[in-house]
Structure formats: structure tokens, C-alpha cells
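Below you'll find the structure, written out as C-alpha cells, and then a few comments.
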Amino acid sequence: MKPILALIFSALFYSSAFAQTIEEKLWAIAKKQYPTDAEMQKYIYDEQKKGYVYMTDVTDQELKHFAENQYPDDYSMQEYVYNEQKADKAYMNIVTDVELKRFAIKQYIKDYSMQKYVYDQQLIAKIFMQRATNATAKDKARKQYPDDYSMQKYIYEQLMN
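Shown next as C-alpha cells:
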């Protein structure tokens, strides 16, 4: 009986100490941002607490680590980055142009938001280059940047001006 009580007591003590440590950390973040504004400190504290609680429940560990690395001391930004990465990861899983997908992943291996951005920019540029009418300018642009449609578009536009 005594070992069970000791175990329960230590679990409660350590979880209470941990919660106090987190609260102190969240208040420290708030006070650092707004050292003289108690109202804003409370707002920041609440936002940080919401972000902290959210991040403890996320399921995609890859994205969680990415968000934590981006903002190690800002839980509300971790939540924001996590959600952006999650949406952009889903987007990158359904894109249809394999060539552009590979290019985007090669540019930003672990950052789904940047992959999405690169993919979208490459797609716009690829469509532009398919519709471009000056064969000589297209050929020069393709030779300079055979794998990068954005740069092909840029070179093409420079040659046309």
C-alpha cells in the first residue's frame, strides 16, 4: 500500500511541478514581449497556453518537430507552423505533376510550405513556357535552366524585353 501511495504522490508532485514550470515559462514569454503591459501579458500567456496544449495533442511528429525547431520558445507560432505544414503536406500529397513535385521536394526536403510555394510557381512558369511563342527565346531559356521553369520564364521574359 505504501509503495502505491508513494507512486501516486510522486506522480502528482512531478506533474504539478511540471505544470508550474510550463506556466512560469509561458509567463516569462509574455513578460519578455510586454514587460510593462499586464493586459497584453495575459493575452500572450493565454495564446501561448492554447498553443502549448494544442501542440501536446498533435499527431504528426515530423511536423511537430519542424514547428518546434522553427519556434522553440513560441507555442502559438508552433501551432501556426504546424497547421500550415499539415495543410501544405496534404496539398503536396495530391499534386499531379511528378516532375514539379520532385523539383520542389529537392529544393526544400522538409518544408512542405516551401514545397507548395515552389511547386505552384513552377506550375505557373511551366504553363507560361508551354504557351510562349518565340521558339529561339524558349530554346535559350531551356538550355540555361533545363529543370527550372521559373528561371526559364525569367530568362524568356528578359530576352523578349
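Mapping of the sequence shown onto mature numbering (1 follows the signal peptide of the UniProt record, and there is no 0): residues -19 to -1, 1 to 142, in sequence order. Every residue gets a Cβ at the ideal spot worked out from N, C-alpha and C, and that includes glycine.
Start and end residues, alpha helix (DSSP H) containing residue i
{"i": "Thr117", "result": "116 to 125"}
{"i": "Ala68", "result": "56 to 75"}
{"i": "Asp27", "result": "19 to 37"}
{"i": "Lys45", "result": "42 to 51"}
{"i": "Tyr93", "result": "93 to 112"}
{"i": "Ile90", "result": "No alpha helix (DSSP H) contains Ile90, which DSSP labels as neither H nor E."}
{"i": "Tyr130", "result": "130 to 141"}
Same chain, Cβ closer than 6 Å to residue i, neighbours up to 5 away in sequence not counted
{"i": "Val99", "result": "Ala85, Gln88"}
{"i": "Lys30", "result": "Leu7"}
{"i": "Pro127", "result": "none"}
{"i": "Tyr135", "result": "none"}
{"i": "Glu5", "result": "none"}
{"i": "Thr117", "result": "none"}
Residues near residue i by beta carbon distance below 7 Å, same chain, minus five either side
{"i": "Lys119", "result": "Met110, Ala113, Tyr137"}
{"i": "Tyr56", "result": "Gln29, Gly32, Tyr33, Met36"}
{"i": "Asn115", "result": "Met141"}
{"i": "Tyr15", "result": "Met21, Gln22, Ile25"}
{"i": "Glu65", "result": "Ser94"}
{"i": "Ser131", "result": "Gln102, Gln103, Ala106"}
Test: residue i CB closer than 7 Å to a CB of chain D
{"i": "Tyr135", "result": "You won't find chain D in this structure, because it holds only one protein chain."}
Residue from the options whose Cα sits closest to the Cα of residue i
{"i": "Ile75", "options": "Thr40, Tyr93, Gln59", "result": "Tyr93"}
{"i": "Ile108", "options": "Pro16, Gln133, Ala11, Lys23", "result": "Gln133"}
{"i": "Gln139", "options": "Ala122, Tyr130, Gln59", "result": "Ala122"}
{"i": "Ala106", "options": "Asp129, Ile90, Thr117", "result": "Asp129"}
{"i": "Ala68", "options": "Leu44, Asp18, Thr77, Met58", "result": "Leu44"}
{"i": "Leu104", "options": "Met73, Gln125, Thr17, Ile90", "result": "Met73"}
Neighbourhood of residue i by C-beta distance below 8 Å, restricted to the same chain and skipping five residues each side
{"i": "Lys70", "result": "Asp41, Leu44, Tyr93"}
{"i": "Thr17", "result": "none"}
{"i": "Lys124", "result": "none"}
Next on the checklist: I'd like to know if the region 34 to 54 and the region 76 to 86 are in contact, where contact means that at least 3 CB-CB pairs between them fall below 8 Å.
Outcome noted: no
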